[in-house]
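Chains as they are written, first to last, in the working numbering: chain A, 1 to 652; chain B, 1 to 179; chain C, 1 to 173.
Beta carbons are placed, not taken as given, at the ideal position from N, Cα and C, and that holds for glycine.
A short worksheet on the structure shown next.
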Amino acid sequence: MIALGGRISLLVALACCLAGLVAVLRARTRTVPGPGAARWAVGVALAVTAAVALMEAALVGGDFSIRYVASTTNRTTPLLFRVASLWGALEGSLLLWAWVLAALTAWVAVRSRTAAPRLWPGTAGVLLGLCAFFLALLVGPADPFARLPVVPPDGSGLNPLLQNHPLMALHPPVLYLGYVGMAVPYAFAVGSLLAGPDAEEWVAVSRPWILGAWLALTAGLLLGARWSYDVLGWGGYWAWDPVENAALLPWLTATALVHSAMVEVRRGLLRAWTVVLAAVSFLLTLVGTFITRSGVLASVHAFTQSAIGPALLAGLAAATLGTLALLAWRLPGLREEGAVFSVASREALVVFNNVILLAMAATVFVGTVFPLVVEATTGQKVTVGPPFFNTVITPLGLALLALTGAGTVLRWGRSTAADLRRMGHVAAAALAAAVAAAAAGVRGTATVVAVGAVAFTAAAQTVEIARGVRTLQAAGRSLPGALVEVILRHRHRYAGYLVHLGLAVAVAGIVGSQASRLEVHRLVRVGEVVHAGGYALRVDELRAGAYPDRLVVWAPVSVADGGAALAGGREPAPKVVLRPSQNFYRHARTPVPTPAVRSTWREDLYVVLMGFDPGSQTAVLRVVVSPLVSWIWAGGALMIVAGGLALWPPRR
Amino acid sequence: MTADTGRRRRWVVVLVLAAAIAPRLGLADPAPAAERTPDLDARAQAIAARLRCPVCQNESVADSPAELAAQMRAMIRDRLAAGESEEQIIAYFVDRYGQWILLEPPRRGILWVVWLTPAAAVLAGAALAAAYLRRAIKAGAASSAADSDSYPSVDNPQQPGIWGQTPDVGRVWKKSSDR
Amino acid sequence: MWLWAALAVAVAVLAVLGAGLRRDPRRLPSPLVGRPTPAFSLPLLNGGVLRSEALRGRVVVVNFWASWCYPACYDEAPHLQRLWDRYGERGVVVVGINIQDTEAGARAFVRRFGQTFPVGRDRTGSIAIDFGVVGVPETYLIDRQGRIVFKHAGAVTEDLLAARIEALLAQGR
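Written out as structure tokens, the structure is:
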């Protein structure tokens with residue numbers, strides 16, 4: 001019943017897409033498009049919503065006659081993960097993609113049909129075409145409502161790693177919002193190229209969408225990193241895994257696009273480049289979809305190999321070649337570029353930042369895809385893993401930070417001598433910070449340089465914010481009042497400063513956690529005290545407990561200050577008791593270790609129970625001490641809040 | 001139930017469960033504690049971090065919870081204790097599994113392409129950017145102060161759009177009263 | 001002009017991704033094919049130790065398996081027993097090496113399939129690592145001179161190996 005209803009909803013949605021495309025084609029000669037295509041777009045959104053609702057009903061109700069439900073849930077799966085199973089496997093994730101796409105299409109339809117009527121036909125064509133493509137996949141090879149010939153008594157359930165953390169419910173939808181959101185600026189750009197000189201300015205119309213998609217991608221990446229950190233047990237948050245890289249690539253180009261769009265709108269520069277960037281960002285999301293779902297590259301995250309790989313590749317090829325053809329046809333007709341008056345200007349710095357961001361994207365892309373190239377040409381298998389990426393991305397990242405700081409201090413057009421002097425002061429402060437770090441014992445050239453770069457960026461943002469605040473203070477405001485007012489009055493600009501500041505804090509966290517990370521692997525006896533990284537750890541006992549879906553063995557570890565334990569002779573009172581555990585799920589062969597973390601602003605103590613033997617009362621612990629990890633989450637949170645601030649519509 | 005009985009009961013549960021489960025784990029570290037020094041552990045971890053776990057999807061031998069990875073870690077430690085060097089141990093694994101077991105691609109042959117990409121990308125981008133800026137600065141120098149309609153000036157809020165039309169720009173949000 | 005360059009890059013990338021579709025990222029070629037077999041001493045379930053040197057002069061089928069490897073190891077077990085029955089007298093040895101498993105599980109498996117060829121347990125995994133084993137089941141075919149001539153990952157069938165075994169037996173005559 002549900003399966004039938006679901007299939008019908010998807011077919012109705014596909015039909016609405018096609019009807020909308022027909023409406024667009026018929027209306028293209030009119031100056032003001034009728035509501036036809038927009039109405040069909042809303043119809044698509046409603047139909048896909050119905051399909052999603054039916055799928056959720058099947059998941060929550062445990063309808064094992066549907067193959068997808070049987071493979072992603074079982075009788076013991078908790079409610080939250082039943083709901084989240086919608087995006088737990090391939091077909092469901094495509095359904096989520098289609099839902100977000102349909103919802104965004106409907107929203108764009110409602111807002112832009114009247115606000116940007118000449119762009120609307122091309123935009124609608126692109127968005128409805130994309131909807132049709134994904135719905136065709138859902139109705140054809142990747143049917144989420146496919147039924148099993150025999151109803152099994154119980155489902156098999158998802159990989160246990162996907163079922164032990166609440167972020168499973170948040171990370172994929174937010175990330176998809178970012179992925180799918182990149183289609184909207186692309187659609188507007190194509191609309192503009194198709195419509196020609198009579199059309200509205202697509203960049204101005206797209207800026208909220210560009211910013212929104214970028215924000216969702218940033219949040220999605222941060223949530224993913226946090227989830228990895230909490231769950232995977234190796235004490236890291238980014239593994240340069242192909243699927244992670246697939247999400248990073250559009251983020252890099254989207255960051256470039258945010259800045260390039262700003263320059264295009266204010267100074268009339270980078271016109272063609274902004275169009276190309278919007279296209280590249282969108283095409284990279286399609287590449288990401290392909291990599292994740294085709295099984296072409298091995299990854300912890302990848303969905304199982306499936307038949308839709310060739311279909312996705314065909315879609316990617318069509319989109320790429322179509323875009324290139326459109327660019328070849330229309331790009332030469334674009335207006336000539338504006339003028340730059342000095343290299344020491346914000347617009348020139350944006351050009352440089354685009355160079356670095358695209359170089360990072362090219363590196364990550366080549367590194368990810370290279371094993372395929374080598375295998376296709378020589379038949380050998382190679383791995384391009386984290387050591388490579390960490391080595392090459394670090395200098396590029398530091399260069400990017402330096403540009404961020406410089407670009408904030410310089411002004412549009414031509415920077416004055418006062419601006420350059422201010423930059424000199426900020427640079428001097430950064431140099432002092434680097435020297436202080438080196439003197440304080442920080443080792444490694446890269447780390448010291450990183451401290452300088454982070455200080456440079458953070459100081460630049462603070463100086464600019466302080467200038468604005470001081471202007472208002474001169475008019476008689478108090479400090480906090482002035483700060484709030486200046487931020488709210490010039491939302492966009494100050495949000496930018498705060499995002500850069502958040503970035504600096506997050507990079508400081510990344511540098512700190514990589515540079516002096518301490519990892520210890522130890523076999524310990526219950527009751528024995530082990531010293532690691534300034535802590536004294538003692539496994540108190542081995543305990544077991546049974547839950548409906550799994551068996552858990554955990555080892556409470558008392559953590560005390562290592563120095564006190566050594567000096568005092570007597571055992572000091574424990575600061576905290578951590579409980580790393582191993583989870584034995586019914587259908588999984590190997591147990592899933594769940595780490596226990598103690599976070600402070602200074603460092604994180606991360607303990608994983610790797611193995612245990614109750615007979616000899618021993619346990620194998622992995623202890624990781626990484627400094628400044630909390631700064632990554634704090635900096636990331638600041639970036640997201642500030643980005644949200646930029647998006648918040650001003651009071652009319 | 002007294003505290004003693006409760007505790008004893010707990011231990012029974014743990015032991016029964018462990019008897020069922022523990023053999024499957026194949027305890028991660030078969031070597032007795034006395035023979036291992038922290039220095040050896042650190043060196044073994046460093047070597048394991050350079051190798052890719054053969055049965056996992058893109059994890060290192062140091063990080064993987066798989067049994068094969070645990071056995072490989074034990075083998076690395078044993079070989080280090082027996083006096084082999086890091087390079088010898090790495091060479092052994094490459095000999096048995098192939099080039100792909102190294103997480104970092106060696107800088108040889110076709111793999112040079114991947115190592116040179118970042119520098120090549122930055123150089124190419126910088127060249128393009130330099131050419132673009134040179135042209136744009138020349139245009140800026142050529143424009144006269146009075147000619148502020150054909151080229152956007154720094155403070156002119158009315159920036160013509162990509163087709164030369166006059167749009168509504170600068171703000172992020174369009175007002176619904178426009179157009 | 002830039003668009004031609006972009007087109008070339010796009011086509012190259014699409015071609016690479018397309019080529020990638022046709023391979024399995026999990027399949028791994030073995031560098032040991034064509035090289036002498038690694039030496040091993042295998043403690044047998046029935047007692048005693050089987051040394052690889054003792055097998056020189058005979059064709060050897062080395063099969064790595066585990067009792068939890070369902071269904072592949074279960075599917076191939078009867079085939080291996082049949083190979084042993086057919087060729088055991090003709091100078092072929094089938095050796096089963098149980099890895100990443102428990103003794104109870106291994107014995108139960110052997111009992112279930114009535115395996116009469118030598119079976120042992122690789123407790124530390126050193127034999128498996130020596131052979132570059134990645135998963136189970138994996139089967140290696142070794143000729144009379146002690147060289148590995150064939151490796152198969154996944155369940156083997158009698159037919160798959162029989163022709164090769166015949167060829168190897170015909171060789172050293």
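_At least three beta-carbon pairs within less than 8 angstroms, the region 607 to 615 of chain A to the region 481 to 497 of chain A_ = no
*Classify C/A39 as buried or exposed, calling it buried when 16 or more other Cβ atoms lie within 10 Å of its own Cβ.*
exposed
*Interface residues of chain B facing A/H490 [CB-CB closer than 8 angstroms]*: Result: empty, since nearest Cβ-Cβ is about 12 angstroms, beyond 8 angstroms.
*asked:* Counting only Cβ pairs nearer than 7 angstroms, list the residues of chain A close to C/V95.
replied: The premise fails here: C/V95 is roughly 25 angstroms from chain A at the closest Cβ pair, so nothing lies under 7 angstroms.
*My understanding is that A/A15 touches A/A37, with C-beta atoms under 8 angstroms, so please give their C-beta distance in whole angstroms.*
In fact, because the Cβ distance is near 14 angstroms, the residues do not count as touching under 8 angstroms.
*asked:* Quick check on A/V435: does DSSP put it in helix, strand or coil?
replied: helix
*asked:* Just checking: is the beta-carbon of B/Q57 within a distance shorter than 9 angstroms of some beta-carbon in chain A?
replied: yes
*Relative to chain B, which residues along the region 629 to 640 of chain A have a C-beta separation below 7 angstroms, given in chain order?*
none
*What residue range is occupied by the uninterrupted beta strand (DSSP E) comprising A/P627?*
T618 to P627
*Determine the contact status of A/I210 and A/A254, defining contact as a CB-CB distance below 9 angstroms.*
yes
*Can the beta-carbon of B/I44 be found closer than 9 angstroms to that of B/I76?*
Before going further, note that residue 44 of chain B is Ala rather than Ile in the sequence given. Yes, these two residues count as a Cβ contact at 9 angstroms.
_Report the CB separation of B/F93 from B/L128 in whole angstroms; it is logged as a contact under 8 angstroms._
That pair is no contact at about 43 angstroms.
*Once you ignore the five residues that flank A/L358 on each side, which residues in its own chain have a CB closer than 8 angstroms to its CB?*
L252, T253 and A256
*asked:* Three Cβ pairs or more, each shorter than 8 angstroms: is that satisfied between the region 190 to 204 of chain A and the region 128 to 146 of chain A?
replied: no
*For A/N353, which residues of its own chain have a beta-carbon under 8 angstroms away from its beta-carbon, when the five flanking residues on both sides are left out?*
A256, H259, L400, L403, T404 and G407
*Return the first residue and the last residue of the beta strand (DSSP E) that B/D95 is part of.*
Element bounds for B/D95: not the beta strand (DSSP E) but the alpha helix (DSSP H), E86 to Y97.
*Give the DSSP bridge partners of C/G96, in chain order.*
C/N63 and C/V119
_Interface residues of the region 265 to 276 of chain A facing chain B [CB-CB below 9 angstroms]_ = V265, R266, R267, G268, L269, L270, R271, A272, W273, T274 and V275
*Does DSSP put C/L161 in a helix, in a strand, or in coil?*
helix
_Uninterrupted beta strand (DSSP E) stretches inside the region 8 to 64 of chain C (no shorter than 3 residues)_ = 41 to 43 and 49 to 51
*Within the 9 angstroms Cβ cut-off, does B/Y151 reach chain A?*
Model confidence at B/Y151 stands at a pLDDT of 41, short of 50, so the residue's coordinates are unreliable and nothing is read from them.
_Under DSSP, the beta strand (DSSP E) around A/Y535 begins and ends at which residues?_
Y535 to V539
*If you count every other CB in all the chains shown that lies within 10 Å of the CB of A/S478, and 16 or more means buried, which is it?*
exposed
*asked:* Quick check: the Cα distance between A/A45 and A/G155, rounded to an integer number of angstroms?
replied: 30 angstroms
*Where C/G34 meets chain A, residues with beta-carbon distance less than 8 angstroms*: Ordered by position in chain A, no residue passes the 8 angstroms Cβ test against C/G34, which lies about 15 angstroms from the chain.
*asked:* Measuring straight from C-alpha to C-alpha, what distance separates A/Q473 and B/A131?
replied: 44 angstroms
*Can you name the residues of chain B whose CB is closer than 7 angstroms to the CB of A/F352?*
A129
*Would you call the region 528 to 548 of chain A and the region 614 to 634 of chain A touching, i.e. three or more CB-CB distances under 8 angstroms?*
yes
*Would you kindly work out how many angstroms separate the C-alpha atoms of A/A103 and A/V369, rounded to a whole number?*
32 angstroms
*asked:* For A/L223 and A/W87, I'd like the C-alpha separation in whole angstroms.
replied: 15 angstroms
_Residue-chain proximity (B/L80, chain A), Cβ-Cβ < 9 angstroms_ = no
*In the DSSP assignment, find the beta strand (DSSP E) that holds A/T594 and state where it starts and stops.*
V592 to T594
*In angstroms with no decimal places, state the Cα-to-Cα distance between C/L161 and C/A108.*
26 angstroms
*the region 451 to 474 of chain A: which residues have C-beta closer than 9 angstroms to a C-beta of chain B, in chain order?*
none
*Exposed or buried, what is C/V33 when buried is set at 16 or more other beta-carbons lying within 10 Å of its beta-carbon?*
exposed
_Assumed close pair A/L127, A/A213 - CB separation to whole angstroms, cut-off 8 angstroms_ = That belief does not hold up - the Cβ atoms of A/L127 and A/A213 are roughly 14 angstroms apart, past 8 angstroms.
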